[in-house]
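Engineer: In my numbering, the protein residues as written are 1307 to 1763.
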C-alpha cells in the first residue's frame, strides 16, 4: 500500500508541475470585477467560519484563534499617469488576510482530561453532567452529554499593495509597501449552541464593508463607501445533516443542504466500517448574478446600451443551483484521498458580456482530486504533505485569465502543515486551484502563496 500511495503522490506532483510551470506570453491588465460581489465574498467568509468551527468541535476545544495570509502576485492595474495623461499598467500584489477568534465553554458537562493531548489519548470522550445518585442517568434527548455555548469574531480583508521607493537624498532610499485602490472588509460576529451529540446551531451577522481611496490616494478607514449587513443561520442534526442560509433583509441569497451519508447509514443500520469511503452530497443555491457592472454576464436580456448597463429598475437576478459529491477515503490511518465533483444549472438564461450571446452552462462546474499524507501517523502530532489538482468552470474565467479564451481552467496546489494539539502552521503554493478560484475568480493564471497559523486549546 505504501508503494501505491507514493506512486499516486508522484503522479499528482508531476501534473501540478506541468500545470503551474506554464508562463503566459501576453499578460493582461487586471480590472477588478467579481471582487465587488458581496454575495460571493460572504460565501467565502462563511465557509471559512464553518471550517474553523468544525475543527474546534471535532477536537473538543475551548479556544481557537486563527490567522491566514494569502499573496497573489502580478496584478497589473491600469493607473492614471498625470505626467503623460494616459493610463499605464502598474504591477500590484493582492493581499488577503483572514483572522478569527472563537471562545466556547460547556454549560453542562465537561471534556475529559486536563488538556487537548489527554483528551485525544482518552478518545475525546465526554464526562456527562453530574447528577444525584438517586437520579436516573440514562442518556436521552433531554439529558445531553454536553451543552456548549460559543462566540466567534471573524474578519476577511482584501487589499492591493504596491512597492514604492522613497529617495531620501544623502540618507539613501527606502522601499515601502502601501495599500492602494478599493479595500474590502468582510466580518462575521456569531453565537453558537452545541447540544452534543444531537445538534448545533450557528447564528450571526455578516458585515460587508467597502473603503474607497480619497482623491489624493490616501485611505480613510473610518469612511465607508458601501456597507451592507447580512444575516445567517446554520445547523447540524445528528452529525449527518447540515442546513444553512444567509440573506439581506427578507431576501435569501444563499441556501445549503448537505447530507453526510455514512453517519446517516450508521444511525439507521449501524457503523458501515472504516473501509467504506465517506460520502457527502450537497445542494447549494447562490444568487450570484445580479446585472451589476462587475458581473461577467447579463441576466435574460441585453441592455439597450451595453456600455451604460442596466438601470436599477431593469436589473434582474439569477441563481446558480449546484449539487456536489465529495468522496474521501483513508488508508492505513496516514493517507487520505478526496475526490470532488460539482454539477451546476443557472436559474435563468445568462448572456456573456464579451460576446452578447447566450452562455451555455456545462453540467460540470468543478472537479478536484486531493491527497494528504501524514508523515508521523500519531494522534497528537501531524506532519501533512498535501497535493491537489482541479478543473474549474466560470463565466468570468476568460475575463481574468492571462492566455486563452476558455471558460474552464486547470490548476493545483502543493502544501504542508504541522500540527500539535495546541497550535499549528500551514504553507501552500497555489495556481488556478478550484477551491481558490471559487473564492476569487480574478486570481486565474496567477501564482499565490499562503501561510496559516493557529493556536487552540
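Just so you know, even glycine gets a beta-carbon here, dropped at the ideal spot from N, CA and C.
Tell me the DSSP secondary structure of residue 1593 in three-state form.
Structural biologist: What you label residue 1593 is simply residue 287 of the chain shown in a count that begins at 1. Strand at residue 1593.
Engineer: Looking at the strands, I want to know which residues DSSP matches up with residue 1568.
Structural biologist: Numbered from its first residue, the chain shown carries residue 1568 at position 262. Partner(s): none; residue 1568 has no beta bridge.
Engineer: The alpha helix (DSSP H) that contains residue 1352, what's its start and end?
Structural biologist: The count along the chain shown starts at 1 and reaches residue 1352 at position 46. 1344-1364 is the extent of the alpha helix (DSSP H) around residue 1352.
Engineer: Would you list the one or two residues that DSSP bridges to residue 1635?
Structural biologist: Reading the chain shown from its first residue, position 329 is the one you call residue 1635. Residue 1635 is bridged to 1643.
Engineer: CA-CA distance, residue 1698 and residue 1363?
Structural biologist: Taking the chain shown and counting its residues from 1, the one referred to as residue 1698 is at position 392. Taking the chain shown and counting its residues from 1, the one referred to as residue 1363 is at position 57. About 31 Å.
Engineer: Three or more C-beta pairs under 8 Å: does that hold for the region 1616-1630 against the region 1678-1689?
Structural biologist: Contact fails: fewer than three Cβ-Cβ distances are below 8 Å.
Engineer: CA-CA distance, residue 1505 and residue 1411?
Structural biologist: The sequence position of residue 1505 within the chain shown is 199, counting from 1. The sequence position of residue 1411 within the chain shown is 105, counting from 1. Each residue's Cα considered, the two are about 16 Å apart.
Engineer: What does the Cβ neighbour count give for residue 1308, buried or exposed, with the cut at 16 atoms within 10 Å?
Structural biologist: Translated into positions along the chain shown, residue 1308 becomes position 2. Because residue 1308 carries a pLDDT of 45, less than 50, the predicted location of this residue cannot be relied on, and the following value inherits that uncertainty. Counting Cβ neighbours within 10 Å, residue 1308 comes out exposed, since fewer than 16 surround it.
Engineer: Is residue 1741 helix, strand or coil by DSSP?
Structural biologist: Indexing the chain shown from 1 puts residue 1741 at position 435. In this structure, residue 1741 counts as helix in the three-state DSSP scheme.
Engineer: For the beta strand (DSSP E) containing residue 1687, list its first residue and its last residue.
Structural biologist: For the purposes of this step, residue 1687 is identified with residue 381 of the chain shown, where counting begins at 1. Where residue 1687 is concerned, there is no enclosing beta strand (DSSP E), given that its DSSP letter is neither H nor E.
Engineer: Using 10 angstroms around the beta-carbon of residue 1520, count the other beta-carbons present and answer buried if the total reaches 16, otherwise exposed.
Structural biologist: In the chain shown, counting from the first residue as 1, residue 1520 sits at position 214. Flag for residue 1520 reads exposed.
Engineer: Let me confirm a value: residue 1326 is counted as buried when at least 16 other C-beta atoms fall within 10 Å, else exposed. Which label applies?
Structural biologist: As a working mapping, residue 1326 is identified with position 20 in the chain shown. In this predicted model, residue 1326 has a pLDDT of only 43, less than 50, meaning its place in the structure is not dependable; the value taken from the coordinates is given anyway. By the 10 Å Cβ count, residue 1326 comes out buried.
Engineer: Short of 8 Å in beta carbon distance, which residues of its chain neighbour residue 1446, apart from the five on each side in sequence? Order them along the chain.
Structural biologist: Mapped onto the chain shown, residue 1446 falls at position 140. Only weak support is given to the placement of residue 1446: the predicted model assigns it a pLDDT of 40, under 50, and the value that follows is read from those uncertain coordinates. Correct list: empty, nothing qualifies.
Engineer: Pick from 1456, 1345, 1414: whose alpha carbon is nearest that of residue 1358?
Structural biologist: Taking the first residue of the chain shown as position 1, residue 1358 is located at position 52. That would be 1456, whose Cα lies nearest to the Cα of residue 1358.
Engineer: With a threshold of 7 Å on Cβ separation, who are the neighbours of residue 1341 within its own chain once the five nearest residues in sequence on each side are excluded?
Structural biologist: To locate residue 1341, count along the chain shown from 1; it is residue 35. These residues qualify, in order along the chain: 1464, 1490, 1746, 1748.
Engineer: Let me see if you follow: with CB-CB separation under 7 Å, is residue 1745 close to chain C or not?
Structural biologist: Given the protein chain composition of this structure (a single chain), no chain C is represented.
Engineer: Distance check for residue 1366 and residue 1419, CA to CA, integer angstroms please.
Structural biologist: The sequence position of residue 1419 within the chain shown is 113, counting from 1. The sequence position of residue 1366 within the chain shown is 60, counting from 1. Model confidence at residue 1419 stands at a pLDDT of 48, short of 50, so the residue's coordinates are unreliable; what they give is reported in the following sentence. Rounded to whole angstroms, residue 1419 to residue 1366 spans 11 Å at the Cα level.
Engineer: For residue 1349 and residue 1573, I'd like the C-alpha separation in whole angstroms.
Structural biologist: As a first step, residue 1349 is located in the chain shown; it is residue number 43 there, counting from the start. As a first step, residue 1573 is located in the chain shown; it is residue number 267 there, counting from the start. Their Cα atoms are separated by approximately 30 Å.
Engineer: Identify every residue that forms a DSSP beta bridge with residue 1698.
Structural biologist: On the chain shown, position 392 is the one that residue 1698 refers to. According to DSSP, which records beta bridges pairwise, residue 1698 is partnered with 1672, 1715.
Engineer: Provide the residue span of the alpha helix (DSSP H) that contains residue 1705, from first to last.
Structural biologist: In the chain shown, counting from the first residue as 1, residue 1705 sits at position 399. Residues 1703-1706.
Engineer: Bridge partners of residue 1465, per DSSP?
Structural biologist: The residue you call residue 1465 lines up with position 159 of the chain shown. Its beta-bridge partners are 1401.
Engineer: What does the Cβ neighbour count give for residue 1589, buried or exposed, with the cut at 16 atoms within 10 Å?
Structural biologist: Along the chain shown, read from residue 1 onward, the residue named residue 1589 stands at position 283. The residue in question, residue 1589, is exposed, as its Cβ has fewer than 16 Cβ neighbours within 10 Å.
Engineer: How close, in whole Å, do the beta carbons of residue 1705 and residue 1602 come, if the pair is a contact with beta carbons under 8 Å?
Structural biologist: Numbered from 1 along the chain shown, position 399 holds the residue referred to as residue 1705. Numbered from 1 along the chain shown, position 296 holds the residue referred to as residue 1602. That pair is a contact at about 5 Å.
Engineer: When you compare each of 1582, 1534, 1593, 1533 to residue 1558 by their alpha carbons, which one comes out closest?
Structural biologist: The count along the chain shown starts at 1 and reaches residue 1558 at position 252. Of the listed residues, the one whose Cα sits closest to residue 1558 is 1593.
Engineer: Could you check the C-alpha separation between residue 1700 and residue 1600 for me, to the nearest Å?
Structural biologist: On the chain shown, residue 1700 is found 394 positions in, with the first residue counted as 1. On the chain shown, residue 1600 is found 294 positions in, with the first residue counted as 1. The alpha-carbon atoms of residue 1700 and residue 1600 are separated by roughly 14 Å.
Engineer: Given a threshold of 16 other Cβ atoms within 10 Å of its Cβ, counted over all protein chains shown, does residue 1709 qualify as buried or as exposed?
Structural biologist: Reading the chain shown from its first residue, position 403 is the one you call residue 1709. By the neighbour-count rule (16 or more Cβ atoms within 10 Å), residue 1709 is not buried but exposed.
Engineer: Let's test the definition: count the other Cβ atoms within 10 Å of the Cβ of residue 1766 and tell me whether it reaches 16, buried, or not, exposed.
Structural biologist: The structure shown does not extend to residue 1766, since the chain is modelled only from 1307 through 1763, so no value can be given for it.
Engineer: Residue range of the beta strand (DSSP E) that residue 1757 falls in?
Structural biologist: In the chain shown, counting from the first residue as 1, residue 1757 sits at position 451. First-last of the beta strand (DSSP E) with residue 1757: 1753-1762.
Engineer: Could you tell me which residues DSSP pairs with residue 1658 in its beta bridges?
Structural biologist: Position 352 of the chain shown, counted from the first residue, corresponds to residue 1658. DSSP output for residue 1658 lists 1603 as bridge partner(s).
Engineer: Buried or exposed: which applies to residue 1692, given that a residue is buried once 16 or more other Cβ atoms fall within 10 Å of its Cβ?
Structural biologist: For the purposes of this step, residue 1692 is taken as residue 386 along the chain shown, with counting starting at 1. Burial call: buried.
Engineer: Could you name the residues of the same chain whose beta carbon sits closer than 6 Å to that of residue 1461, not counting the 5 residues immediately before and after it, in chain order?
Structural biologist: The residue given as residue 1461 occupies position 155 in the chain shown. Closer than 6 Å at the Cβ level, and outside the excluded window around residue 1461, lie 1405, 1493.
Engineer: In three-state terms, what does DSSP make of residue 1575?
Structural biologist: For this step, residue 1575 is matched to residue 269 along the chain shown. Of the three classes helix, strand and coil, the one that applies to residue 1575 here is helix, per DSSP.
Engineer: In terms of alpha-carbon separation, which member of 1347, 1345, 1376 lies closest to residue 1732?
Structural biologist: Taking the chain shown and counting its residues from 1, one reaches residue 1732 at position 426. Selected option, being the one with the closest Cα: 1376.
Engineer: Using the Cα positions of residue 1718 and residue 1414, report the straight-line distance between them to the nearest angstrom.
Structural biologist: Counting from one through the chain shown, the residue named residue 1718 turns up at place 412. Counting from one through the chain shown, the residue named residue 1414 turns up at place 108. Each residue's Cα considered, the two are about 45 Å apart.
Engineer: According to DSSP, which residues form a beta bridge with residue 1377?
Structural biologist: If you number the chain shown from 1, residue 1377 lands on position 71. 1401, 1755, per the DSSP bridge assignment.
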